[in-house]
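FYI, the working numbering numbers position 59 of the sequence shown as 70, with every residue one higher than the one before it. The C-beta atom is built at its ideal place from N, Cα and C for all residues, glycine as well.
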Amino acid sequence: MESLSYPIGRFEYGKTYTVEETKSQIQTISALPSKLFNIVNPLDNNQLETPYRPGGWTVLQTVHHVADSHMNAYIRFKLALTEDNPFIKPYEEALWAELADGQGAPLDWSLQLLKYLHLRWVMLLNSLTETDLQRTYFHPETKRVFPLQEVVALYAWHSEHHYEHIHQLCSREGWITE
């Protein structure tokens with residue numbers, strides 16, 4: 012079950028990253044909207060309503076979750092860049108996935124949202140200096156201070172994590188061939 016829940020492994024908190032690693036992670040974030048589009052766009056409604064693992068979200072909920080999560084991340088970056096170690100607002104991602112838009116909004120709404128959100132986010136990320144990447148925010152649930160450099164890595168991981176959920180399902184079900 013671990014490999015279905017964490018197909019690329021768990022994120023490792025507390026690491027530091029080189030400038031080159033951060034640039035690569037920004038590229039991973041940049042690539043996500045088109046990668047998601049390419050894998051989910053051919054799916055039919057029944058396939059979109061298939062959970063990626065037993066007890067997991069459907070493909071549609073997963074795409075909507077990524078949009079919700081990355082919107083929150085973008086705002087957290089802007090807060091950290093304009094305030095001194097701000098407290099960020101946690102949210103109940105599992106409950107968000109159960110709301111009407113998390114279950115029933117058309118797939119294209121979140122794909123388009125991610126496309127344009129990531130264009131702005133990546134523009135912002137590419138403008139950051141090494142000093143900017145050391146700026147932080149405080150997460151009240153984890154009681155941790157997060158430097159933006161680590162958050163870039165986290166969301167590169169998050170991008171690949173959920174993409175791989177969908178990719179593994181599509182491979183298992185024979186919906187794609189490689």
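In the DSSP assignment, find the beta strand (DSSP E) that holds Y148 and state where it starts and stops. T147 to H150
Quick check: what's the CA-CA separation for E161 versus E109? 29 Å
Pull up the distance between the alpha-carbon of T153 and that of F98, whole angstroms please. 11 Å
Whole-angstrom distance between G115 and L124, CA atom to CA atom: 15 Å
Any contact of the region 130-149 with the region 54-69, i.e. 3+ C-beta pairs under 8 Å? no
Spell out the partners DSSP gives T69 in its beta bridges. P62
Please list the terminal residues of the continuous beta strand (DSSP E) segment that includes L155. Looking at the sequence itself, residue 155 is Arg, so the reference to Leu does not match. R155 to P158 is the span of the beta strand (DSSP E), which, as asked, contains R155.
Are K126 and P53 closer than 8 Å when you measure CB to CB? no
Per-residue burial, S16 [other beta carbons within 10 Å of its own, 16 or more giving buried]: exposed
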